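First the structure, in the form of structure tokens, and then the observations on it.
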Amino acid sequence: MRAWQVQDLGEPDEVMRLVEVPDPRPADGEVLVRVDAAALNFPDLLLCRGKYQEKPELPFTPGLEAAGTIVEGPRAGEQVVVAPGLPRGALAGLICVPEADVLPVPEGMPLVKAAAMLTTYHTGWSGLHRRAALQAGETLLVHAGAGGVGSAAIQLGKAAGATVIATAGGPEKVQVCRDLGADVVVDYLAEDFVEVVKEATGGRGADVVYDSVGGDVFDRSRKCIAFEGRILVIGFAGGRIPEVAVNHVLIKNYSVVGLHHGLYRRYEPTLARTIQEDLARLWADGLIDPLIGGEVAMEEAPAALARLGDRGTVGKIVVRPHDA
Ligand SMILES: NC(=O)c1ccc[n+]([C@@H]2O[C@H](COP(=O)([O-])OP(=O)(O)OC[C@H]3O[C@@H](n4cnc5c(N)ncnc54)[C@H](OP(=O)(O)O)[C@@H]3O)[C@@H](O)[C@H]2O)c1
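Just so we're on the same page, the working numbering is the position in the sequence shown counted from 1, plus 6.
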């Protein structure tokens with residue numbers, strides 16, 4: 007089968023190699039899955055650069071999530087969603103995963119969307135519900151709302167009954183956030199989001215901030231966080247990891263809440279199934295619909311990852327390993 011391998015650390019188009027490797031063989035308790043769709047995430051880029059919290063040994067195959075068909079093992083023929091885990095990631099023709107970890111594809115959902123609904127929507131669900139306890143009627147501020155995690159957070163926030171304010175870089179992404187259902191959208195490259203949030207909330211501020219950008223965006227978010235608000239630390243796509251003065255946290259009665267969604271796999275392995283069931287219900291009710299910014303053939307994966315790192319994508323980019 008074909009698989010992408012990261013053979014050195016660096017930029018994706020320089021260090022990823024498309025190689026022919028023997029088909030993997032499922033171990034006891036595993037199933038063999040044909041990958042029909044593998045969705046890209048910012049962490050794939052960080053993994054290539056050696057800047058992610060996990061540092062697999064070289065060479066490794068990136069790709070955090072996929073949807074496909076079980077071709078060997080119990081339930082052969084079933085369509086499933088999987089998070090294969092490194093170093094044998096999803097950017098491959100076939101992957102082996104424990105049968106206990108495969109998740110169902112929500113009824114009627116195309117595999118391309120199902121692949122794109124694992125990392126970002128599960129992160130959004132655990133962030134908003136488990137870590138920030140978002141309540142109906144609260145105001146949620148989502149940064150980089152046109153991106154992968156951002157687009158999921160806008161939809162999940164609306165589905166939870168929150169008023170959603172989104173930020174995005176540039177007019178096209180602003181329109182994407184509007185189309186996703188955000189109530190108020192700010193082009194944060196052109197306008198100060200702090201003032202917009204204060205105005206939209208009558209001076210109160212946002213109850214929950216979903217921050218996947220970090221740096222100045224995190225710093226400024228502390229200026230528009232509500233009394234008893236929660237700032238969710240999701241990621242640092244902007245490059246700088248911010249620091250927080252805890253006296254400010256004390257004075258304004260807010261919380262800075264971390265989320266590493268992947269840790270739930272270790273500490274609460276059953277949570278993924280609960281989340282997937284709830285997401286399937288939201289999909290069936292028409293409340294969420296993963297935004298696909300593009301589908302690319304296997305050969306185009308490194309270029310697509312480079313675009314993701316250059317703010318050149320919206321929603322999720324999905325790789326089709328078996329398309330020419
Ligand atoms: N905590 C967790 O468990 C978890 C899980 C998944 C992902 N993440 C993190 O969430 C973040 C977003 O991941 P994603 O896959 O959804 O990516 P993405 O949102 O699709 O892409 C990143 C977005 O960040 C914004 N951005 C701002 N400054 C940027 C810069 N200097 N370079 C690149 N982008 C910049 C861009 O939107 P604008 O152009 O609109 O500014 C860009 O589209 C990443 O940091 C990732 O590691 C965390």
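Yeah, the Cβ is synthetic: ideal placement off N, Cα and C, and Gly gets one too.
All values reported here derive from a predicted model rather than from experimental measurement.
Pro104 versus Arg271, Val325 and Glu306, residue with shortest Cα-Cα distance: Relative to the Cα of Pro104, the nearest Cα in the group Arg271, Val325 and Glu306 belongs to Arg271.
If you run the structure through DSSP and keep just helix, strand and coil, what is Lys119? DSSP places Lys119 in helix when its eight states are reduced to three.
C-alpha distance - Val215 paired with Arg184, whole-angstrom precision: For Val215 and Arg184, the gap between their C-alpha atoms comes out near 18 Å.
Under 8 Å, with one C-beta from each stretch per pair, do the region 305 to 324 and the region 34 to 46 reach the 3-pair mark? These segments touch.
Can you grab the Cα-Cα spacing for the pair Gly245 / Leu53, in whole Å? C-alpha separation (whole angstroms): 14 Å.
Which residues DSSP lists as bridging Met22, in chain order: Note: Met22 sits in a beta bridge opposite Val12.
Quick one: is the Cβ of His328 within less than 6 Å of any heavy atom of ligand 1? No, ligand 1 has no heavy atom inside 6 Å of this Cβ.
To the nearest angstrom, report how far apart Asp295 and Asp213 are at their CA atoms. Looking at the two C-alpha atoms, the distance is approximately 25 Å.
According to DSSP, is Cys102 part of a helix, a strand, or is it coil? The answer is strand: DSSP assigns Cys102 an E or B state.
Out of Tyr58, Asp50, Glu78 and Gly114, state which residue places its alpha-carbon closest to the alpha-carbon of Gly95. If we check each option's Cα against that of Gly95, Asp50 comes out closest.
Same chain, Cβ closer than 7 Å to Val21, five either side skipped, listed in chain order: These residues qualify, in order along the chain: Val12, Gln13, Asp14, Leu15 and Cys54.
Tell me which residue opens and which closes the beta strand (DSSP E) that Gly300 is part of. Counting along the chain, the beta strand (DSSP E) containing Gly300 begins and ends at Ile298 to Ala303.
Is it the case that the CB of Gly156 approaches a heavy atom of ligand 1 more closely than 6 Å? Gly156: yes, Cβ under 6 Å from ligand 1.
Is any non-hydrogen atom of ligand 1 found closer than 6 Å to the C-beta of Phe224, if you look at the structure I gave you? No, the Cβ of Phe224 stays beyond 6 Å of every heavy atom of ligand 1.
Distance between beta carbons of Leu97 and Pro62, contact taken as under 8 Å: Actually they are not in contact, since the Cβ atoms of Pro62 and Leu97 sit about 13 Å apart, beyond 8 Å.
Please list, in chain order, all residues of the same chain as Val108 whose beta carbon is under 6 Å from its beta carbon, the five residues on each side excluded. Taken in chain order, the residues that qualify are Val86 and Val88.
In the DSSP assignment, what residue or residues form a beta bridge with Tyr194? Per DSSP, none; premise fails for Tyr194.
Ligand 1 and Val219: does the residue's C-beta get closer than 6 Å to at least one heavy atom of that ligand? Yes, since a heavy atom of ligand 1 falls inside the 6 Å radius drawn around the Cβ of Val219.
Taking the straight line between their C-alpha atoms, what separation do you get for Gly241 and Val219? Whole-angstrom Cα-Cα distance: 6 Å.
Hey, would you say Cys102 sits closer than 7 Å to Leu162, going by beta carbons? The Cβ atoms of Cys102 and Leu162 lie no closer than 7 Å to each other.
Which one or two residues does DSSP pair with Val215 in a beta bridge? Per DSSP, Leu147 and Ile237.
If we call anything under 7 Å between Cβ atoms a contact, is Asp225 one with Pro248? Cβ atoms of Asp225 and Pro248: closer than 7 Å.
Using C-beta distances below 7 Å, list every residue in its chain close to Leu356, excluding the 5 sequence neighbours before and after it, in chain order. Limits of the chain in this structure are 7 at one end and 330 at the other, which puts residue 356 out of reach.
Between the CA atoms of Gly268 and Pro327 - distance to the nearest angstrom: Here the alpha carbons of Gly268 and Pro327 stand approximately 24 Å from one another.
Exposed unless 16 or more other CB atoms sit within 10 angstroms - verdict on Lys57: Lys57 counts as exposed, since fewer than 16 other C-beta atoms from the protein chains shown sit within 10 angstroms of its C-beta.
Is it buried or exposed for Thr280, if we count other Cβ within 10 angstroms and need 16 for buried? Its Cβ having fewer than 16 others within 10 Å, Thr280 is exposed.
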